[in-house]
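Asks:
Residue numbers (the numbering used here): 969 to 1237.
1. Taking the DSSP output, what are the residues bridged to residue 1107?
2. In whole angstroms, what separates the C-alpha of residue 1147 from that of residue 1138?
3. Hey, is the stretch 995–1005 in contact with the stretch 1148–1156, meaning 3+ C-beta pairs nearer than 8 angstroms?
4. Can you tell me whether residue 1201 is helix, strand or coil according to DSSP?
5. Identify the residues that DSSP records as bridge partners of residue 1022: which are they?
6. For a test of the three-state rule: what should DSSP assign to residue 1137, helix, strand or coil?
7. Cβ atoms of residue 1200 and residue 1073: under 8 angstroms apart, would you say?
8. Hey, how far is the Cα of residue 1186 from the Cα of residue 1171?
9. For residue 996, decide whether its Cβ has a neighbour in chain D, counting only Cβ atoms nearer than 8 angstroms.
10. Compute the Euclidean distance between the alpha carbons of residue 1213 and residue 1052, then round it to the nearest angstrom.
11. If you follow the beta strand (DSSP E) that residue 1142 is part of, which residue opens it and which one closes it?
12. Go ahead and label residue 1062 buried or exposed: buried means 16 or more other beta carbons lie within 10 angstroms of its beta carbon, across all protein chains shown.
13. Please look up how many angstroms separate the CB atoms of residue 1218 and residue 1024, rounded, as I've assumed it's under 8 angstroms.
14. Please name the residue in 1125, 1011, 1015 whose C-alpha comes closest to that of residue 1037.
15. List the whole-angstrom C-beta distance separating residue 1077 from residue 1057, where the pair is believed to meet the contact cut-off of C-beta under 8 angstroms.
16. In this structure, how does DSSP classify residue 1003 when only helix, strand and coil are distinguished?
17. Taking the alpha-carbon of residue 1071 as reference, which of 1215, 1216, 1208 has the nearest alpha-carbon?
18. Can you tell me the Cα-Cα spacing of residue 1177 and residue 1124, whole angstroms?
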């Protein structure tokens, strides 16, 4: 009996420590964070790219979602009033592989929004060669992207600090689980407080400048305790070109009033 009580105390202690390392964010600090909803229920995080476009994980765009998908901006709580617009078009990366999680990235389009103190685009700048390993993960907790009966998830934007690790170590940790591409993926240390708090669509950013680095790609689940968290690298050629071409495609036309559709994209030069 004593051993059972000790085990329960140990597990609860770990959960309490993990929870205490997560911080609730103010939307003014992270105005580029958006929330993806299906039928008014939160399913994924997203990042604002422009006035008409946001980036999220490809696995968040399930075929069953279709016309009931919307993007919400400008609030750090899903209990607060915010601007939510219907998604009018979505594009997954053409090489997205649902089984391996490679190219797990997509964009969603919506009617033109106005920027403000609480609504700003991501800093999608070229990555400095001397960028630090300290990074932040920012997003909304709790969505279930492939479940159309998903719960409402977290009521707040969360963020946590973590560190980038050598992708070779990450590749070794996932050797028998999934392929890790060193040019298209980032990995952070396994501390159980980063991607589990934000799930798919959460953003990886530099700690000081908030430059966008990537997006969560954990295949819809929290990583095991001894495995790093995986992110699609915005700065790999294939992903960078995809994002830039999508921003150009949607920059000069309004999507207001359009019926939602999945658009093809050619990423060749």
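From the three backbone atoms N, C-alpha and C, an ideal C-beta is built for every residue, glycine too.
Because the structure is a prediction, the values reported are computed rather than measured.
Replies: Short version:
1. BP columns for residue 1107 point to 1126.
2. One C-alpha to the other measures close to 10 angstroms.
3. Counting C-beta pairs closer than 8 angstroms gives fewer than three between the stretch 995–1005 and the stretch 1148–1156, which falls short of the contact rule.
4. strand
5. DSSP lists 1016, 1076 as the beta-bridge partner residues of residue 1022.
6. Residue 1137 falls in the helix class under three-state DSSP.
7. yes
8. 12 angstroms
9. Any reference to chain D falls outside this structure, which holds one protein chain only.
10. 25 angstroms
11. Residue 1142 -> no beta strand (DSSP E), and no H or E assigned at all.
12. exposed
13. About 14 angstroms; that fails the 8 angstroms criterion.
14. When the alpha-carbon of residue 1037 is set against those of 1125, 1011, 1015, the nearest one is in 1011.
15. 4 angstroms
16. strand
17. When each option's Cα is compared against that of residue 1071, the closest is 1208.
18. 22 angstroms
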